[in-house]
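Student: Protein chains in written order, with the numbering used here: chain A, 10 to 215; chain B, 10 to 215; chain C, 10 to 215; chain D, 10 to 215.
Glycine included, each C-beta is placed from N, C-alpha and C at the ideal position.
Every value quoted in this text rests on a predicted model; they were computed, and no experiment measured them.
There are 4 protein chains.
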Amino acid sequence: MAETGGGFSKGRLEAFSDGVIGVIMTIMVLDLKAPASAEPAELFKLWPSFTIYLVSFAFVAIYWINHHSQFMRVRRVTASLIWANAALLFALSLIPFATAYVAATRISPFPTAIYGALQLGCALSFSLIGTTIEAERGDDPEFRREVVGHRLLDRLSLSAYALATLIALISPAISIAIFVAIGAAYAVPGIFNERSLRKARGRPRA
Amino acid sequence: MAETGGGFSKGRLEAFSDGVIGVIMTIMVLDLKAPASAEPAELFKLWPSFTIYLVSFAFVAIYWINHHSQFMRVRRVTASLIWANAALLFALSLIPFATAYVAATRISPFPTAIYGALQLGCALSFSLIGTTIEAERGDDPEFRREVVGHRLLDRLSLSAYALATLIALISPAISIAIFVAIGAAYAVPGIFNERSLRKARGRPRA
Amino acid sequence: MAETGGGFSKGRLEAFSDGVIGVIMTIMVLDLKAPASAEPAELFKLWPSFTIYLVSFAFVAIYWINHHSQFMRVRRVTASLIWANAALLFALSLIPFATAYVAATRISPFPTAIYGALQLGCALSFSLIGTTIEAERGDDPEFRREVVGHRLLDRLSLSAYALATLIALISPAISIAIFVAIGAAYAVPGIFNERSLRKARGRPRA
Amino acid sequence: MAETGGGFSKGRLEAFSDGVIGVIMTIMVLDLKAPASAEPAELFKLWPSFTIYLVSFAFVAIYWINHHSQFMRVRRVTASLIWANAALLFALSLIPFATAYVAATRISPFPTAIYGALQLGCALSFSLIGTTIEAERGDDPEFRREVVGHRLLDRLSLSAYALATLIALISPAISIAIFVAIGAAYAVPGIFNERSLRKARGRPRA
Chain A
10 MAETGGGFSK GRLEAFSDGV IGVIMTIMVL DLKAPASAEP AELFKLWPSF
60 TIYLVSFAFV AIYWINHHSQ FMRVRRVTAS LIWANAALLF ALSLIPFATA
110 YVAATRISPF PTAIYGALQL GCALSFSLIG TTIEAERGDD PEFRREVVGH
160 RLLDRLSLSA YALATLIALI SPAISIAIFV AIGAAYAVPG IFNERSLRKA
210 RGRPRA
Chain B
10 MAETGGGFSK GRLEAFSDGV IGVIMTIMVL DLKAPASAEP AELFKLWPSF
60 TIYLVSFAFV AIYWINHHSQ FMRVRRVTAS LIWANAALLF ALSLIPFATA
110 YVAATRISPF PTAIYGALQL GCALSFSLIG TTIEAERGDD PEFRREVVGH
160 RLLDRLSLSA YALATLIALI SPAISIAIFV AIGAAYAVPG IFNERSLRKA
210 RGRPRA
Chain C
10 MAETGGGFSK GRLEAFSDGV IGVIMTIMVL DLKAPASAEP AELFKLWPSF
60 TIYLVSFAFV AIYWINHHSQ FMRVRRVTAS LIWANAALLF ALSLIPFATA
110 YVAATRISPF PTAIYGALQL GCALSFSLIG TTIEAERGDD PEFRREVVGH
160 RLLDRLSLSA YALATLIALI SPAISIAIFV AIGAAYAVPG IFNERSLRKA
210 RGRPRA
Chain D
10 MAETGGGFSK GRLEAFSDGV IGVIMTIMVL DLKAPASAEP AELFKLWPSF
60 TIYLVSFAFV AIYWINHHSQ FMRVRRVTAS LIWANAALLF ALSLIPFATA
110 YVAATRISPF PTAIYGALQL GCALSFSLIG TTIEAERGDD PEFRREVVGH
160 RLLDRLSLSA YALATLIALI SPAISIAIFV AIGAAYAVPG IFNERSLRKA
210 RGRPRA
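Shown next, in the form of structure tokens:
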């Protein structure tokens, strides 16, 4: 229907995306099957499941944070934006499946490569959201200033995902390590910059 | 209780519907069971599950978008609207079941027909929402202008759902193709119109 | 912590309750297990599951509607209100379990009685919310006017739940019929009154 | 990304956390497996599952309430706050797993100790949120007044969680009793204080 984009509320689109992302993040735990035995060894055997669960949880959290930052730049909800967003939600919705697959096969090469390919798919559909925003606001100088610098980081992370996917076929452990590094690259600088800022302002850290 | 419709908040009804639709969209993935073997063939065998999962995800996304457009026309929340909306949510809530049924039987005729019948049920209960809004605002000329043109499209899609249901009994593959066509008919024009509009305004596409 | 009630936002309590109720309503479908065979008879054998699923869905929807009406009377969020609300959410959270229990035992006497007892528990904790609101606003004449008439209906429905629980042990079918009647008693009058009102105003029904 | 904390909306962070906590609270019920037999004894055998389900539900509800109180003190959303909050959500997301583990092993020593350790982890990440707020607002006298008194309670509860974890290895029943006591210590005073207040104001309790 041609009118789907007309007057669509950004708030409702954000709230809906938050709801879907929140559910994705939470239902993954249902694939962590509790052992029926009280034997500690039975629990420790689940370490591959916990490892990949932690990685997936962190990535979905990062997508949620970046989705928020991305949408702060949206001025008008277009049909293209709605469908780029739906593509991202679709890719993210498969993360619990890919996580369960890696866990069930105890971090084997092929399933880890599939996991990497899905992460690449998520990153590409996230880029697509950026592209649709740029199509709307590309001639707005304020927007141009905001996104400068992000491009490089985004291209680097796309390459890192592609690399992690290929390497998984040889060494799934190195592949997972690359994911941990990408995650840290997104999460750590924000926290670190903040502390420097606080010190510069001379505010005591309690 | 006679007063259920009195002073009912449209925002809360929309937020609740969004929550339910978001959960429906997301829990479907729990029926995609990850293979316990790292053998690629085991994953590829799941193609009917992925096909129907993608179709269902797209349809629930379309319902979410159209629900939003529909509710922009609501002026007053009536008890009839609340129950027509509950009927839609009920029909949509069965989509994960019907999706799992089609997946488990690898897109067989009878389950695909049941899937089509459920989609028809969703479309009919969505129409019911339109009818209750019209009962409230039918003599409002602004409303009349807005809905003209939609009627034809909605009747066409109801016929297409009915057709897809019957054809499923003979060829489930054609039935699924009809669903893909209906989905595209809803999603594509909005995106296409937007681009023409942008070109007409002479805005560069970056 | 003594301060939990102080300055607590009613909007956030409502939104949280909506989220929980929406998830309860939706995850019930996960207990409807799709048959692995395309044989129609295998699907029709699930009729007890569909029947009780429909009853549970309708009841959770009614609780959601009545929760909204009830909270329109709240002026101040107290710790008692938060915990009465938590008790309701806890009782409602068990409905998917009780529904699956009745379905798995194909509407047998004892499970249906447990289902009835749980519905009674939900109704009692819903009454508790009313009691805590009354403790706050009991001397407010506007509040007194609003709740008159509801008391009788609420007592009638509590008795009907108790009756349905006891009768289930003899005839689960009659018990389910009583639930359908209670549900209809909540849903139908609102819709009916509205139509009379519309006719009285001389507005055409399209 | 350095800018993740900049201009981040507190409302959206709260709404997202509410969504995740609400889903956690609700999906736990999926691990309560309904007996396939109508025999009452089969239901009663599930008492350890119901006990630990009730404890977990109450704790997640308490976290939700305290999360709300905590966030009322937030003035600016920093990257540290977002990640401390993500750590809490991660710890809470494992509660359905730990609950299923305790239930499946019928409240055995080792699984109950793991459950206690997870609760300790939740409490520690909740403290971390407090620490990040303090780093921002530590020199604000209003903030200092508000949090005085909470510190002692929070330290007491951390010690109680550690104690419950150790005792579980000897007597899981005593461990569960300590959890019930901690829960009551959070929930009861609020309700009690309110009633005294109401009496002091001379308002009748209906």
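Using the beta-carbon of each residue, which ones in chain D are nearer than 8 Å to Gly28/C?
Tutor: The residue you call residue 28/C lines up with position 19 of the third sequence. What Gly28/C touches in chain D: Asp27, Gly28, Gly31 and Val32.
Student: I need the boundaries of the alpha helix (DSSP H) containing Arg21/C, first residue and last residue.
Tutor: Mapped onto the third sequence, residue 21/C falls at position 12. Start and end: Lys19 to Ile36.
Student: Counting only beta-carbon atoms, is Leu90/B nearer than 8 Å to chain A?
Tutor: One-based indexing of the second sequence puts residue 90/B at position 81. Chain A contact via Cβ: absent.
Student: Going along the chain, which residues of its own chain have a beta-carbon closer than 8 Å to the beta-carbon of Ala70/B, five neighbours each way excluded?
Tutor: Taking the first residue of the second sequence as position 1, residue 70/B is located at position 61. So the qualifying residues of the chain are Met34.
Student: What residue range does the alpha helix (DSSP H) around Leu90/A cover?
Tutor: On the first sequence, position 81 is the one that residue 90/A refers to. Unbroken alpha helix (DSSP H) run through Leu90/A: Ala88 to Ser102.
Student: Listed from N- to C-terminal order along the chain, which residues in the segment 57 to 70 of chain D have their beta-carbon within a distance smaller than 8 Å of any beta-carbon of chain C?
Tutor: Against chain C - using a Cβ distance shorter than 8 Å - the residues of the segment 57 to 70 of chain D are Leu63, Phe66, Ala67 and Ala70.
Student: Got a sec? Which residues, its chain only, sit under 7 Å from Ser117/D by beta carbon, not counting five neighbours each side?
Tutor: As a position in the fourth sequence, residue 117/D is number 108, starting the count at 1. Apart from the 5 residues on each side of it in sequence, Ser117/D sits with its Cβ closer than 7 Å to the Cβ of Pro181 in its chain, given in chain order.
Student: Check whether the Cβ of Glu23/B lies closer than 8 Å to any Cβ atom in chain A.
Tutor: If you number the second sequence from 1, residue 23/B lands on position 14. It does; some Cβ of chain A falls within 8 Å.
Student: Counting beta carbon pairs with one atom in the segment 65 to 80 of chain D and one in the segment 120 to 137 of chain C, are three or more of them shorter than 8 Å?
Tutor: no
Student: Is DSSP giving Glu145/B helix, strand or coil here?
Tutor: Stepping through the second sequence from its first residue, residue 145/B is reached at position 136. Glu145/B: helix per DSSP, three-state reduction.
Student: Of all the options Leu90/A, Ile191/A, Ile176/A and Gly130/A, which has the alpha carbon lying nearest to the alpha carbon of Leu103/A?
Tutor: In the first sequence, counting from the first residue as 1, residue 103/A sits at position 94. Nearest option by C-alpha distance: Gly130/A.
Student: Could you have a look at Pro49/B and say whether DSSP puts it in helix, strand or coil?
Tutor: Along the second sequence, read from residue 1 onward, the residue named residue 49/B stands at position 40. Reduced to three states, the DSSP call for Pro49/B is helix.
Student: Taking Phe106/A as the query, report the chain B residues whose CB atoms sit under 7 Å from its CB, ordered along the chain.
Tutor: As a position in the first sequence, residue 106/A is number 97, starting the count at 1. Correct list: Val38, Leu41 and Ala43.
Student: When the distance is taken between beta carbons, is Ser18/A closer than 8 Å to His76/A?
Tutor: Within the first sequence, the letter at position 67 stands for residue 76/A. Within the first sequence, the letter at position 9 stands for residue 18/A. Cβ distance not < 8 Å, so His76/A and Ser18/A don't count as in contact.
Student: Taking 8 Å as the CB-CB cut-off, is Pro49/A touching chain B?
Tutor: On the first sequence, residue 49/A is found 40 positions in, with the first residue counted as 1. Not closer than 8 Å to any Cβ of chain B, the Cβ of Pro49/A fails to qualify, so no.
Student: Just mark Asp40/A as buried or exposed, buried being the case when its beta carbon has 16 or more other beta carbons within 10 Å.
Tutor: Residue 40/A sits at position 31 when you count from the first residue of the first sequence. The residue in question, Asp40/A, is buried, as its Cβ has 16 or more Cβ neighbours within 10 Å.
Student: DSSP three-state call for Val69/B: helix, strand or coil?
Tutor: Sequence index remark: in the second sequence, residue 69/B carries index 60 (1-based). Three-state result, Val69/B: helix.
Student: Which same chain residues end up closer than 7 Å to Leu101/B when comparing Cβ atoms and leaving out the 5 residues on each side of it in sequence?
Tutor: One-based indexing of the second sequence puts residue 101/B at position 92. Same-chain partners within the cutoff: Ile30, Ile33, Val69, Tyr72 and Cys131.
Student: Just by C-beta distance, which residues in the segment 113 to 124 of chain D are closer than 8 Å to chain A?
Tutor: Ala113, Thr114, Ser117, Pro118, Phe119, Pro120 and Ile123
Student: Can you give me the C-alpha to C-alpha distance between Thr140/B and Gln79/B, rounded to a whole angstrom?
Tutor: Mapped onto the second sequence, residue 140/B falls at position 131. Mapped onto the second sequence, residue 79/B falls at position 70. Using only the alpha carbons, I get a separation of about 11 Å.
Student: Against chain D, with Cβ distances strictly below 8 Å, would Phe80/C count as a contact?
Tutor: Start at 1 with the first residue of the third sequence, and residue 80/C comes out as number 71. No, its Cβ sits nowhere closer than 8 Å to a Cβ of chain D.
Student: I need the DSSP call for Pro150/B, collapsed to helix, strand or coil.
Tutor: On the second sequence, position 141 is the one that residue 150/B refers to. DSSP places Pro150/B within a helical segment (H, G or I) once states are collapsed to three.
Student: With a threshold of 8 Å between beta carbons, is Tyr110/C in contact with chain D?
Tutor: Locating residue 110/C in the third sequence gives position 101, counting from the first residue. Chain D contact via Cβ: present.
Student: Name, going along the chain, the residues of the segment 160 to 178 of chain B whose beta-carbon falls closer than 7 Å to a beta-carbon of chain C.
Tutor: none
Student: Residues of chain C with CB under 9 Å from Leu52/D, in chain order?
Tutor: The residue given as residue 52/D occupies position 43 in the fourth sequence. Tyr110, Phe119, Pro120 and Ile123, listed in chain order.
Student: Indicate whether at least one CB of chain B lies closer than 8 Å to the CB of Ala95/A.
Tutor: Position 86 of the first sequence, counted from the first residue, corresponds to residue 95/A. With 8 Å as the cut-off, Ala95/A counts as an interface residue toward chain B.
Student: Decide if the segment 142 to 160 of chain B is in contact with the segment 83 to 97 of chain B; the criterion is three or more beta carbon pairs, one per stretch, under 8 Å apart.
Tutor: yes
Student: Assuming Ala95/D contacts Ala24/A (C-beta within less than 8 Å), just tell me the rounded distance between them.
Tutor: The residue you call residue 95/D lines up with position 86 of the fourth sequence. The residue you call residue 24/A lines up with position 15 of the first sequence. Not confirmed; about 19 Å, so no contact.
Student: With a threshold of 8 Å between beta-carbons, can Leu103/D be considered close to chain E, or not?
Tutor: The structure shown contains no chain E; the protein chains it does contain are A, B, C and D.
Student: Quick check: what's the CA-CA separation for Pro198/B versus Gly192/B?
Tutor: Within the second sequence, residue 198/B is the residue found at index 189, counting from 1. Within the second sequence, residue 192/B is the residue found at index 183, counting from 1. Cα-Cα distance, rounded: 11 Å.
Student: Identify which residue in Ile176/D, Gly20/D, Arg164/D and Ser58/D has its Cα closest to the Cα of Met81/D.
Tutor: The sequence position of residue 81/D within the fourth sequence is 72, counting from 1. Among Ile176/D, Gly20/D, Arg164/D and Ser58/D, the Cα nearest to that of Met81/D belongs to Gly20/D.
Student: Flag this pair as yes or no: are the beta carbons of Val38/D and Pro120/C separated by less than 8 Å?
Tutor: By one-based count along the fourth sequence, residue 38/D stands at place 29. By one-based count along the third sequence, residue 120/C stands at place 111. No, the pair does not count as a contact, with Cβ atoms beyond the cut-off.
Student: Quick check on DSSP: helix, strand or coil for Ile123/A?
Tutor: Locating residue 123/A in the first sequence gives position 114, counting from the first residue. Ile123/A falls in the helix class under three-state DSSP.
Student: Would Ala113/D and Thr174/D qualify as a contact pair, given that the criterion is a beta-carbon distance under 8 Å?
Tutor: Counting from 1 along the fourth sequence, the entry for residue 113/D is found at position 104. Counting from 1 along the fourth sequence, the entry for residue 174/D is found at position 165. The criterion of a C-beta distance shorter than 8 Å is not satisfied by Ala113/D and Thr174/D.
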